[in-house]
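Asker: Taking the working numbering, the leading residue of the sequence shown gets 1240, the next gets one more, and so forth. C-beta atoms are modelled at their ideal positions from N, C-alpha and C, and glycine is treated no differently. Owing to the predicted nature of the structure, the values given are computational and were not obtained by experimental measurement. Structure provided below as structure tokens; questions to follow.
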Amino acid sequence: MKNQKLNISTLIGKGSVMNGDFAAPGSVRIDGKITGNVNVEGTLVIGTTGVIRGNVKCAGIVVGGDIEGNIIAPERAELSSTSRVIGDIHTGNIIIDDKALFQGRCIMDEEGAPVRGKETLSYKAKERKDSKKAASEVKDALEDAKDNEPEPVEEKVVEAEEN
């Protein structure tokens, strides 16, 4: 979406404040503050002064401001260097610039749709499970090695007789 011209149909200007949910059919730019959920059919652009306190659902998103809430953007999510996102991002593609602040989980699949939690195992949980299993296997192998240790062999010295 960088270097791509967007046809912005709605603009919430700097200094504007909205309390409540917001929905729009086209692409939207927010430079003000919204406290509530945001649902945009097109691309959502959050300017550097833009703030959202609520969940966001849109086709694609470019964040330059501040979002506290979960984001669903099946096409693409871009976090610029001035962005601050506290919440999970569900997307098909993601770009995070240097110095962007992102605190949450990024959940991606081929189509960018949210993945149901019961059907997936988070990477960290799987990693912990795998490392516990590996540690258990090493412990079992060490115990087996102790049980099957060969008994020490006595050395006997035999002197050859001289004829």
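What number of angstroms, rounded off, separates the C-alpha of M1347 from the C-alpha of H1329?
Answerer: Straight-line Cα distance between these residues: approximately 6 Å.
Asker: Between V1295 and S1255, what straight-line distance do the alpha-carbon atoms span, to the nearest angstrom?
Answerer: Roughly 18 Å between the two C-alpha positions.
Asker: Between which two residues does the beta strand (DSSP E) harbouring S1319 extend?
Answerer: Counting along the chain, S1319 falls outside any beta strand (DSSP E), and DSSP gives it neither H nor E.
Asker: Cα separation between E1280 and K1338?
Answerer: Approximately 29 Å between the Cα atoms of the pair.
Asker: Who does E1307 pair with in a DSSP beta bridge?
Answerer: According to DSSP, E1307 bridges with R1292 and I1325.
Asker: Could you check what DSSP says for C1297 in three-state terms: helix, strand or coil?
Answerer: C1297 falls in the coil class under three-state DSSP.
Asker: Assuming R1268 contacts I1247 (C-beta within less than 8 Å), just tell me the rounded distance between them.
Answerer: About 5 Å separates the two Cβ atoms, so the contact holds.
Asker: If you follow the beta strand (DSSP E) that R1268 is in, where does it begin and where does it stop?
Answerer: Looking at the DSSP string, the run of the beta strand (DSSP E) that includes R1268 is S1266 to I1269.
Asker: Kindly indicate which residue of I1325, P1264, T1287 and A1263 has the alpha-carbon position closest to the one of G1271.
Answerer: When each option's Cα is compared against that of G1271, the closest is T1287.
Asker: Between which residues of its own chain and G1189 is the CB-CB distance below 8 Å, once the five residues before and five after are set aside?
Answerer: Nothing about residue 1189 can be read from this structure; the chain reaches only from 1240 to 1402.
Asker: What separation, rounded to the nearest whole angstrom, lies between the Cα atoms of R1292 and N1278?
Answerer: Roughly 13 Å separates the two Cα atoms.
Asker: Excluding five sequence neighbours on each side, which residues of the same chain lie with their C-beta closer than 6 Å to the C-beta of V1354?
Answerer: Annotation note: pLDDT 49 at V1354 (below 50); position unreliable, no value reported.
Asker: Determine the extent of the beta strand (DSSP E) in which T1274 is found, giving its start and end residues.
Answerer: Per DSSP, T1274 belongs to the beta strand (DSSP E) from K1272 to T1274.
Asker: Would you report the Cα separation of S1266 and Q1342, rounded to the nearest angstrom?
Answerer: Distance between the alpha carbons of S1266 and Q1342 is about 26 Å.
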